[in-house]
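> Input: one structure, supplied below.
Protein chains: 2
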Amino acid sequence: MVRFIALSGTTDVTENFYVYETERDLIVVDCGVGFPEPDMLGVDLVIPDFSYVRDKRNKLRGIIITHGHEDHIGALPFLISEVRAPIFSTKLVAGFIGLKMQDYGISNFRVNVFDPEKDSITLGDFKISPFRTSHSIPDSVGFVIDTPEGKMVHAADYKFDWTPVDGRPFDISRLSLLCSNGILAVLSDCLGSTSPGYTESEKNIEARIGSIVSEARGRVFFTTISSNISRIRQALNVASRTRRKVAILGKSIDSKVKVASQLGYLDLPTRLERSVKDLERLPDDKVMIIISGSYGQPGSSLYRLALGEHDLLKLKEGDVVIFSSDPAPPGSKANVDFVVDRLIEKGAIVHYYDIQEDLHVSGHGSQEDIKLLLSLTRPKFAIPIGGTIRHMRAFSDLAQSVGISKNSVFELHDGESVEFRDGRAVKGAKFETRNVLVDGLGIGDVGEVVLRDRNVLAREGVVIILLQFDGSKKKIVNQPEIISRGFVFERKQKVLLEKASSDFLFFLRKRINLDRKSLKDLAVDFFERYFFEKTGRRPMVLPLVVEV
Amino acid sequence: MVRFIALSGTTDVTENFYVYETERDLIVVDCGVGFPEPDMLGVDLVIPDFSYVRDKRNKLRGIIITHGHEDHIGALPFLISEVRAPIFSTKLVAGFIGLKMQDYGISNFRVNVFDPEKDSITLGDFKISPFRTSHSIPDSVGFVIDTPEGKMVHAADYKFDWTPVDGRPFDISRLSLLCSNGILAVLSDCLGSTSPGYTESEKNIEARIGSIVSEARGRVFFTTISSNISRIRQALNVASRTRRKVAILGKSIDSKVKVASQLGYLDLPTRLERSVKDLERLPDDKVMIIISGSYGQPGSSLYRLALGEHDLLKLKEGDVVIFSSDPAPPGSKANVDFVVDRLIEKGAIVHYYDIQEDLHVSGHGSQEDIKLLLSLTRPKFAIPIGGTIRHMRAFSDLAQSVGISKNSVFELHDGESVEFRDGRAVKGAKFETRNVLVDGLGIGDVGEVVLRDRNVLAREGVVIILLQFDGSKKKIVNQPEIISRGFVFERKQKVLLEKASSDFLFFLRKRINLDRKSLKDLAVDFFERYFFEKTGRRPMVLPLVVEV
Numbered sequence: 196m197v198r199f200i201a202l203s204g205t206t207d208v209t210e211n212f213y214v215y216e217t218e219r220d221l222i223v224v225d226c227g228v229g230f231p232e233p234d235m236l237g238v239d240l241v242i243p244d245f246s247y248v249r250d251k252r253n254k255l256r257g258i259i260i261t262h263g264h265e266d267h268i269g270a271l272p273f274l275i276s277e278v279r280a281p282i283f284s285t286k287l288v289a290g291f292i293g294l295k296m297q298d299y300g301i302s303n304f305r306v307n308v309f310d311p312e313k314d315s316i317t318l319g320d321f322k323i324s325p326f327r328t329s330h331s332i333p334d335s336v337g338f339v340i341d342t343p344e345g346k347m348v349h350a351a352d353y354k355f356d357w358t359p360v361d362g363r364p365f366d367i368s369r370l371s372l373l374c375s376n377g378i379l380a381v382l383s384d385c386l387g388s389t390s391p392g393y394t395e396s397e398k399n400i401e402a403r404i405g406s407i408v409s410e411a412r413g414r415v416f417f418t419t420i421s422s423n424i425s426r427i428r429q430a431l432n433v434a435s436r437t438r439r440k441v442a443i444l445g446k447s448i449d450s451k452v453k454v455a456s457q458l459g460y461l462d463l464p465t466r467l468e469r470s471v472k473d474l475e476r477l478p479d480d481k482v483m484i485i486i487s488g489s490y491g492q493p494g495s496s497l498y499r500l501a502l503g504e505h506d507l508l509k510l511k512e513g514d515v516v517i518f519s520s521d522p523a524p525p526g527s528k529a530n531v532d533f534v535v536d537r538l539i540e541k542g543a544i545v546h547y548y549d550i551q552e553d554l555h556v557s558g559h560g561s562q563e564d565i566k567l568l569l570s571l572t573r574p575k576f577a578i579p580i581g582g583t584i585r586h587m588r589a590f591s592d593l594a595q596s597v598g599i600s601k602n603s604v605f606e607l608h609d610g611e612s613v614e615f616r617d618g619r620a621v622k623g624a625k626f627e628t629r630n631v632l633v634d635g636l637g638i639g640d641v642g643e644v645v646l647r648d649r650n651v652l653a654r655e656g657v658v659i660i661l662l663q664f665d666g667s668k669k670k671i672v673n674q675p676e677i678i679s680r681g682f683v684f685e686r687k688q689k690v691l692l693e694k695a696s697s698d699f700l701f702f703l704r705k706r707i708n709l710d711r712k713s714l715k716d717l718a719v720d721f722f723e724r725y726f727f728e729k730t731g732r733r734p735m736v737l738p739l740v741v742e743v
Numbered sequence: 196m197v198r199f200i201a202l203s204g205t206t207d208v209t210e211n212f213y214v215y216e217t218e219r220d221l222i223v224v225d226c227g228v229g230f231p232e233p234d235m236l237g238v239d240l241v242i243p244d245f246s247y248v249r250d251k252r253n254k255l256r257g258i259i260i261t262h263g264h265e266d267h268i269g270a271l272p273f274l275i276s277e278v279r280a281p282i283f284s285t286k287l288v289a290g291f292i293g294l295k296m297q298d299y300g301i302s303n304f305r306v307n308v309f310d311p312e313k314d315s316i317t318l319g320d321f322k323i324s325p326f327r328t329s330h331s332i333p334d335s336v337g338f339v340i341d342t343p344e345g346k347m348v349h350a351a352d353y354k355f356d357w358t359p360v361d362g363r364p365f366d367i368s369r370l371s372l373l374c375s376n377g378i379l380a381v382l383s384d385c386l387g388s389t390s391p392g393y394t395e396s397e398k399n400i401e402a403r404i405g406s407i408v409s410e411a412r413g414r415v416f417f418t419t420i421s422s423n424i425s426r427i428r429q430a431l432n433v434a435s436r437t438r439r440k441v442a443i444l445g446k447s448i449d450s451k452v453k454v455a456s457q458l459g460y461l462d463l464p465t466r467l468e469r470s471v472k473d474l475e476r477l478p479d480d481k482v483m484i485i486i487s488g489s490y491g492q493p494g495s496s497l498y499r500l501a502l503g504e505h506d507l508l509k510l511k512e513g514d515v516v517i518f519s520s521d522p523a524p525p526g527s528k529a530n531v532d533f534v535v536d537r538l539i540e541k542g543a544i545v546h547y548y549d550i551q552e553d554l555h556v557s558g559h560g561s562q563e564d565i566k567l568l569l570s571l572t573r574p575k576f577a578i579p580i581g582g583t584i585r586h587m588r589a590f591s592d593l594a595q596s597v598g599i600s601k602n603s604v605f606e607l608h609d610g611e612s613v614e615f616r617d618g619r620a621v622k623g624a625k626f627e628t629r630n631v632l633v634d635g636l637g638i639g640d641v642g643e644v645v646l647r648d649r650n651v652l653a654r655e656g657v658v659i660i661l662l663q664f665d666g667s668k669k670k671i672v673n674q675p676e677i678i679s680r681g682f683v684f685e686r687k688q689k690v691l692l693e694k695a696s697s698d699f700l701f702f703l704r705k706r707i708n709l710d711r712k713s714l715k716d717l718a719v720d721f722f723e724r725y726f727f728e729k730t731g732r733r734p735m736v737l738p739l740v741v742e743v
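Protein chains in written order, with the numbering used here: chain E, 196 to 743; chain G, 196 to 743.
As structure tokens, this is what we get:
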């Protein structure tokens, strides 16, 4: 029996973490981070629940990685701190994993680099053959995983791009060869399953960037996602044709560009200037700055530039800013809008998602790409991954349109599994998983109770009631001291809180035989009701009793 | 001299509130609410700053309303509580204003209903002639405002729809007539200024809804914005053609439909059943339920249905849900996605923005609509309203493309004004305005300090340090008691907080001559650093000193 488990990555787009398992062996495919939901206040990152893999660490033969995006490699430092296993990836991905481990100060790991055009990897019961795919980051692959029950195709984020910027298209012929003898199951990216047609080629963007840049009379600021090396390469091509010199601004782009150029994925022109200072001596129409912050991230270089807070650069009237990205992640649209407004206020000409949507193409295949993959591989079973409930349902409809029966498509929630045995597939056990939240230095120490408290504090604030209790007389002494934060405006607060305090004393006047516990309960009841009546709000009420 | 002031409504889409003023007279156009920004935690509504109008209440001659959307009428109950002035609107808008006042328990107001096909209103120096526009709510108008300096066209939210559902298109001939003798300035909706072409007619939607409903074999749930009476009328038409009986579910749609039908804007078919219970006896394919919650609002009827928490209805496999709306307001997309996922999990077939975007058209004109208005009115000056900084800039580009010079377009921030004198226009004073936040029963009592505290509490939680101080010995007695909320997970918390407490005592061991103030300062410094070192977080530290 072979078991596939979607430990996470099927219902929330990100946080990809999948397991293939036989009696004796287990492999992990991808290990990415997720991004906090709006109600996960203060949380920095979400990582997958490793407990299933930790419990079976003796069987773990390796971790294979499809590509270098955060939601596929970002949780590796956390996993590697808990289990020992070799990592396998292509060369550029290995470089990006190195950067990531460096960020966390981790050095005791090893990445084995494979060549997706000829290598295969044997990990216990699994023989894994990578094949090149197209995506919005170079050196992406899928895997044909030969298992005791048959071959399975793991196609994480992909599209079919026949004219990619790096000249290395989706390796459809290798995939076809690997698929001879029949395919048991396809695990496929489903994020584009609601978009009609084919996704456009990355290559088409260069001409559009080119026409904006050649008409620009001021400096050009170009921003995209830091890992999108092909997009950066196209910007460099345009700079070269329009005789602009280039500087790179922002740590995330700078470090990724360095790795990509060291590994031969990006030819940095010799005239590329590294220092923004050097560019100051040039006329504005000879300057391009590739800058990080395409999602409007607070604190990023572009954000600081927009707010006039960058210490190296000031924006000028007539500067041109090109956003070559789609603000898809939660919250990013609001951030981009904020940055765009500030840029426009400072006189920049801004090309952003709303005016000029042709400056970005998705890295994910659309409906026809997905149908092509399914038609090419002709699997008995199909499992959508990398989307949400909506996308899985739309994928299921697509699969049915190319002849895969509804019962042969498995829409899996996090922790759910499919068991393959004797050419058949059934939904298997659901394994308990939870989101592991990373906040500051803490991993998993923020849970439901803490988040619930933060949500109350966020909306309503906190009121602290300091009660001095005389245990011998069983009553309180002195007026309760009340302080609040995030509740009401200070000027109004003083009167309200003083009145509340004396009203509480009056309320208590006939109570006798109080103890600490009953005093606390009475205080919570009284003040919750009191403040709701007076203000319509329900702050968190925290009574503190001091025995005097 | 005539002054126009954008007191609010030009930089944030919503919260429309404009003033026209001469030496002797002042009128207000629209009085809407805004929606809280993501960092305005716990805030229910944002309303305009009325202080300018309040200060000049003796000059205030009237409040004229363009249409019945929340961001144009929602703040009337607050304004009417502060100043006395007659309100003027069309009939349906007057009905919706009545509903709104009822919500706030306000009865001492008066709405004067005008007929936009023939009436004019004289308010001091201003002679106001309404003209019918097209928008996503019936009975919308613009105004030609004849001032001592010339005529100004106030065109809030509009598009040109020649085939509106109610058969009353944009009254272009009346506007043309009113515009003879030349127009000084146009104030124009600019929200669609980044969308190419003309906005589609509302009418085209009916056929698409019809084809979905006629193929549906289960019950149909139809949702749209409650004020979109024309859309609801189209759903009723479809129900009638497909022989489905209709119930209305949800307070907001129900009350608006009632008002619209009482005032003759909606013909409720006699067979329209009001009770969901009655529909239970019918076959599924004879049922349509018009339900509120098109933005996925938590607590709405559709939300509760999706979560299986509605007390009247349960979702069934094969039910069809149609979202006929665009989740544009901040946060609404995430809410809709959540609801759609839950509906799909329960077996519903869902038509939402991402699969079937032709189920909604915007109420705002696109680039060609805006050019048409500018070409028709040929103003000397133009002022974009109802958009953001981005939209104003795009509007300015459009205006230039039809021959209005850049200097004749005024992009106004909140509080900014334009002064018209002798056929010329100059940017006038900027009047101090602030967002007035409504939270519970409080109006304006949540300000920057409270919001800053809420943001810290939200992300990091609070730690309260209870210190018992012996004033005579100038030192603390007993171990400090520490409690926290929203900071760390309880199990971990106990050890951390106890250690922190004893470490603080150790830190204080050599301090002498403490007083309450210095003790507090020391505690804040110590614990802020301590918790950041141990957890990477910066909770709000609140020391409380009790003298014992």
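Glycine is no exception: its CB is placed at the ideal position from the N, C-alpha and C atoms.
Please state whether DSSP places G/K354 in a helix, a strand or coil.
G/K354 falls in the strand class under three-state DSSP.
> Quick one: what does DSSP say G/S335 is sitting in, helix, strand or coil?
Coil.
> To be precise: take each residue of the segment 721 to 732 of chain E, compare its Cβ to all Cβ atoms of chain G, and keep it if any distance is under 7 angstroms. Which residues remain?
So the list reads T730, G731, R732, given in the order they occur along the chain.
> Can you tell me which of G/F291, G/E344, G/M587, G/I242 puts its alpha carbon nearest to the alpha carbon of G/E218?
The option with the nearest alpha carbon to G/E218 is G/E344.
> For the segment 578 to 601 of chain E, list every residue whose C-beta sits within 8 angstroms of some C-beta in chain G, in sequence order.
Against chain G - using a Cβ distance shorter than 8 angstroms - the residues of the segment 578 to 601 of chain E are T583, I584, R585, R588, A589.
> When the distance is taken between beta carbons, is E/M587 closer than 9 angstroms to E/T206?
Their beta carbons are under 9 angstroms apart, which means E/T206 touches E/M587 by this criterion.
> Checking contacts by CB at 9 angstroms: is E/N211 closer than that to chain G?
Not an interface residue.
> Output, in chain order, the set of chain G residues within a Cβ distance shorter than 7 angstroms of E/A529.
Neighbours of E/A529 on chain G, chain order: P233, P525.
> Between the segment 432 to 446 of chain G and the segment 400 to 412 of chain G, do three or more beta carbon pairs fall short of 8 angstroms?
Segments in contact, yes.
> Tell me whether G/Y299 is buried or exposed, calling it buried when 16 or more other Cβ atoms sit within 10 Å of its Cβ.
Exposed is the call here.
> Starting from G/T572, trace the alpha helix (DSSP H) both ways and give me its first and last residue.
First-last of the alpha helix (DSSP H) with G/T572: 562 to 572.
> Could you tell me the distance, in whole angstroms, from the CA atom of E/V306 to the CA atom of E/S527?
Going by the C-alpha atoms only, they are around 32 angstroms apart.
> Which residues, in order along the segment 669 to 682 of chain E, keep a beta-carbon less than 8 angstroms from a beta-carbon of chain G?
If the cut-off is 8 angstroms between Cβ atoms, the segment 669 to 682 of chain E has E676, I678, R680, G681, F682 near chain G.
> Sort G/R585, G/F518, G/G290, G/D449 by Cα distance to G/I260 and report the nearest one.
Here the closest residue by C-alpha is G/G290.
> Compute the Euclidean distance between the alpha carbons of E/G446 and E/S331, then round it to the nearest angstrom.
Reading off the sequence, residue 446 of chain E comes out as Lys, not Gly. Going from the Cα of E/K446 to the Cα of E/S331 covers about 20 angstroms.
> State yes or no: is the beta carbon of G/G150 nearer than 9 angstroms to at least one beta carbon in chain E?
For residue 150 of chain G there is no data in the structure shown, the boundaries of chain G being 196 and 743.
> Where does E/I378 land, buried or exposed, given buried means 16+ other C-beta within 10 angstroms?
It is buried - the Cβ of E/I378 has at least 16 other Cβ atoms within 10 Å.
> The beta strand (DSSP E) with E/L240 in it runs from where to where?
Per DSSP, E/L240 belongs to the beta strand (DSSP E) from 240 to 242.
> May I ask you to report which of helix, strand or coil DSSP gives G/K528?
Correct three-state label for G/K528: helix.
> Going by alpha carbons, who is nearest to G/I282 out of G/F304, G/H267, G/K346, G/R629?
It is G/F304 whose Cα lies nearest to the Cα of G/I282.
> Answer yes or no: does any C-beta atom of chain G fall closer than 9 angstroms to that of E/R654?
Yes, its Cβ sits closer than 9 angstroms to a Cβ of chain G.
> Would you report the Cα separation of E/L294 and E/P364, rounded to the nearest angstrom?
Going from the Cα of E/L294 to the Cα of E/P364 covers about 26 angstroms.
> Which same chain residues, not among the five before or five after E/S396, have their C-beta less than 8 angstroms away from its C-beta?
Here the set comprises D356, W357, T358, P359, V556.
> Taking only three categories from DSSP, how would you classify E/V545?
Three-state result, E/V545: strand.
> Just to confirm before moving on: does the CB-CB distance between G/L739 and E/G731 stay below 9 angstroms?
Result no, Cβ atoms of G/L739 and E/G731 do not sit closer than 9 angstroms.
> Looking only at DSSP bridge pairs, what is E/P579 linked to?
DSSP, once it has assigned bridges, lists E/S383 as partnering E/P579.
> Pairing CB atoms from the segment 598 to 610 of chain G with CB atoms from the segment 571 to 579 of chain G, are three or more of them under 8 angstroms?
In short, these stretches touch, since the Cβ pair count reaches three.
> Within the 9 angstroms Cβ cut-off, does G/Y393 reach chain E?
No, G/Y393 does not count as interfacial toward chain E.
> Short check: CB of G/G623 to CB of G/R198, under 9 angstroms?
It is a contact, given that the beta carbons lie within the stated cut-off.
> Just the Cα atoms here: how many angstroms apart are G/I678 and G/L538?
In a straight line, the C-alpha of G/I678 is about 41 angstroms away from that of G/L538.
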